[in-house]
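To keep things clear, I will list the structure first and then write my remarks on it.
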Amino acid sequence: MRPWLVGWTNFRGFSGKVDLRFPRITLLIGRNNVGKTSAYAPLLLLRQTLEARNPRTALLTRGEFLDVGNFRDLITDHDVSRTLTFSVGLDRRSRVRVRSDRSIPSELEVSFEGEKDGGIALKQSRILDAKGRAIVTRTRKDSETYQVSSPLLPTSSTIGRPYKEVTELRRAMREEKPEGFLFNGFGALLMPRSWSEDEDRWEKVRGWYNGANELVRTYRTVNAQVESQLRSISYLGPLRSLPKRTYQLSAEVPTSVGRDGEFAPELLFRAADSARVREVVDNWLTKFGYGRLKFRNSGDDFFQVSLCSQGKGGLEVNLAHCGIGISQLLPMLVQGVLTPAAGTFIAQQPEIHLNPAQQCLVTDFLIDTASRNRRVIVETHSEHILLRLRRRIAEGELRSGDVAVYFFDYRDGRSVVESVSLGERAELDRSEWPTGFFEEQLQDSFALAVAQATPKVAK
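The following block contains the structure:
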């Protein structure tokens, strides 16, 4: 699995452009309220925008995954005159070369601006190649039109006198509206084949016709990749729902455990025909010391979940009476197992309400999830997760190149992010540590050593 490149400009507390690389496993660490969530927030915002009811919603800021307020809340320094930009890398394995003399699309970059009524508009959309060259650029001119520029399209000098057909085509392309933050290029298909009846005339407009079709092909390829990558994202928030004595089935089958993990029991209950899912979850629950789950139909659309402790004659206890730890753990296990191949699982504080030994097991589960061709992004405060991850790298269970560690901090009024490099055996070069990286542990260790070396004074 290749790293997923994600970037932003003028987003929240960050100044300027930030680019991150998400390989198989990414750890986001740092103090509270320094911008860790911003690392994956662009992905979640774009993901929920795909589900917007109104296709004219350029960026859905209050949705299934996140509620981040309005444009003023998103933009750096709350300066609504700035432009907000997100960029998403494309999967190389599924890229299609646009034309023999052109590079393959490598990145989609979308920029947003605030409107006077408080709304958000798509200001610019660019499809870039690996060298950052624009294959297609659409720039908003007013509320109704977008200027289109692309090396795929002929320049005016190559067609001589502008024909009516070309003029109409260019107007149709300018007036094409985006659906969310995506264009489809269909406005370029309005050139009828009948134009080819006049050989001389067709010779003048054929370049536009071919370029227009290439434009549509480019958008079709890029949009399919972007939508596939974004729709494969699953997100689990920091506070999971408390367990219930009795659950009621939803009117529709859930597609994920939900931001708060509220659908985890239901997904397992509905997975009666998928023995593998329950078996994998039960095996991990057993490793964590909880035992196995048992489901009981309570009539109509209701069911109960119990936990059967390990060993012969183990007790069967309703999930609601099994403590907070398992209620926080279960959604993570279920979503990790159900995340589709090549999908991305984002977990916020997976260690919450778990003891240190269990936090280490959480790391093993996330490593196992990533080994099955999934991408895992974890926001955590746990030193145990980082330590277990480093141990598994040193033991050869995964490569250091498959892991990224980003440290977030707040300096001089700005959020900053730095990459923490890991050696081939997970070595950490302290000379390259970012300032503040697990500094409390070092300070406590030093203070402990000083205290141990200092003779006690009798009172």
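First residue of the sequence shown: 1014, per the numbering used here; consecutive thereafter. Just so it is clear, CB atoms sit at the ideal spot from N, CA and C, and this is done for glycine as well.
Check                                                                                                                                                                  : Outcome
Ignoring anything shorter than 4 residues or poking outside the segment 1019-1080, list the alpha helix (DSSP H) runs there in chain order.                            : 1054-1062
Measuring alpha carbon to alpha carbon, tell me which residue in ARG1184, LEU1262, VAL1047 is nearest ALA1277.                                                         : LEU1262
On a Cα-Cα basis, can you pick out the residue from ALA1355, ILE1359, PHE1199, ASN1197 that is closest to GLY1250?                                                     : ILE1359
Return the chain-ordered list of same chain residues with a C-beta closer than 8 Å to the C-beta of PHE1481, the five sequence neighbours on each side being excluded. : An answer regarding residue 1481 cannot be provided, because it is not within the stretch 1014 to 1472 covered by the chain.
Buried or exposed for GLN1160, please, with buried defined as at least 16 other CB atoms from any protein chain shown within 10 angstroms of its CB.                   : exposed
Taking the C-alpha atoms as reference points, what is the distance between ARG1025 and ILE1088?                                                                        : 5 Å
Where MET1186 and PHE1194 are concerned, what is the direct C-alpha to C-alpha distance, given to the nearest angstrom?                                                : 16 Å
Compute the beta-carbon to beta-carbon distance between GLY1349 and PHE1308, rounded to the nearest angstrom, for a pair I have assumed lies under 8 Å.                : Going by Cβ atoms, the distance from GLY1349 to PHE1308 rounds to 20 Å, so no, they are not a contact pair.
May I have a chain-ordered list of the alpha helix (DSSP H) segments no shorter than 4 residues that lie completely inside the segment 1253-1334?                      : 1277-1283, 1288-1300
List the whole-angstrom C-beta distance separating GLN1362 from THR1393, where the pair is believed to meet the contact cut-off of C-beta under 8 Å.                   : 6 Å
Would you mind sorting ASP1114 into buried or exposed? The rule is 16 or more other CB atoms within 10 Å of its CB.                                                    : Any answer about ASP1114 is weak, because its pLDDT of 49 lies below 50 and its placement is not dependable; what the coordinates show is given next. By the neighbour-count rule (16 or more Cβ atoms within 10 Å), ASP1114 is not buried but exposed.
Inspect the beta-carbon positions of VAL1270 and VAL1149 and report whether they are closer than 8 Å.                                                                  : no
Using alpha carbons as the reference points, say which of LYS1129, ARG1044, VAL1101 lies closest to GLY1145.                                                           : VAL1101
Determine the extent of the beta strand (DSSP E) in which THR965 is found, giving its start and end residues.                                                          : Beyond the ends of the chain as shown, which are 1014 and 1472, falls residue 965; an answer cannot be given.
Quick one: is the Cβ of LYS1300 within less than 7 Å of any heavy atom of the ligand GTP?                                                                              : For the structure depicted, the ligand GTP is absent and the ligand set is empty, with no information on it obtainable.
Between which two residues does the alpha helix (DSSP H) holding GLU1178 run?                                                                                          : 1177-1188
Any chance the segment 1032-1049 sits against the segment 1233-1249, with 3 or more Cβ pairs inside 8 Å?                                                               : no
Of the residues SER1311, ASP1213, GLU1329, ALA1134, which one's Cα is nearest the Cα of SER1094?                                                                       : ALA1134
Can you tell me which of the three DSSP states SER1156 falls into?                                                                                                     : coil
Answer yes or no: does any C-beta atom of chain D fall closer than 8 Å to that of ARG1183?                                                                             : The displayed structure is made up of one protein chain only, and chain D is not part of it.
Should the segment 1058-1074 be regarded as contacting the segment 1123-1137, the criterion being three or more beta carbon pairs within less than 8 Å?                : yes
Does DSSP classify LEU1166 as helix, strand or coil?                                                                                                                   : coil
Just confirm the distance between the C-beta atoms of SER1119 and LEU1097, as a whole number of angstroms; I'd bet it's less than 8 Å.                                 : Their Cβ separation, rounded to whole angstroms, is 21 Å, which puts SER1119 and LEU1097 out of contact at 8 Å.
Let me know the beta strand (DSSP E) ranges lying completely inside the segment 1329-1377, each 3 residues or longer, listed in chain order.                           : 1329-1331, 1357-1361
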